[in-house]
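In UniProt numbering, the protein residues as written are 1 to 157.
Using N, Cα and C, we set each Cβ at its ideal position, and we do this for glycine too.
For clarity, every value in this text was computed on a predicted model and none was experimentally measured.
Set out below in structure tokens:
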């Protein structure tokens, strides 16, 4: 199973996203979507699960979503610090309730394992800005493994 993971579009859907997400089974948006039209456009590619970001208003989204896919459980939330995930999240991890956490907000691509759980930030996918790398991610879920692939939206400098 392949999941397209995106965050921090801030009202802009890069024209490369449909190509990069072609054939994905689902799309997860980790917040700071912009207008609902972004989600409508993503729905043309694959079913979308999205959460509110700190800049989102008037969207019928929640602050977090728990997604079950391929026998795994992922928490989507816009603002998460993998180094200090907070007591509630640590308790969920300790109880074995999560296999991964998908977040955004920092505008930096990231993935690593903390406390045995995958933490993934797809990076910033909004309008081009000087000095800010624009990325999305593909999450490949196999029988017993997870592979993260960050994809650049801009050509290499």
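Asked	Found
Taking buried to mean at least 16 other C-beta atoms within 10 Å of its own C-beta, is residue 95 buried or exposed?	exposed
Pick out whichever of 144, 135, 143 and 145 has its Cα sitting closest to the Cα of residue 155.	135
Please give me, in chain order, every unbroken run of the beta strand (DSSP E) with length at least 3 that falls completely inside the UniProt domain "Calcineurin-like phosphoesterase" (1–142).	2–6, 26–29, 48–50, 64–69, 72–77, 100–102, 110–114, 117–121 and 135–141
Could you please give the first and the last residue of the uninterrupted beta strand (DSSP E) stretch that includes residue 151?	146–152
Given a threshold of 16 other Cβ atoms within 10 Å of its Cβ, counted over all protein chains shown, does residue 60 qualify as buried or as exposed?	exposed
Using a 10 Å radius around the Cβ and a threshold of 16 neighbouring Cβ atoms, would you call residue 80 buried or exposed?	buried
How would you call residue 54, buried or exposed, if buried means at least 16 neighbouring beta carbons within 10 angstroms?	exposed
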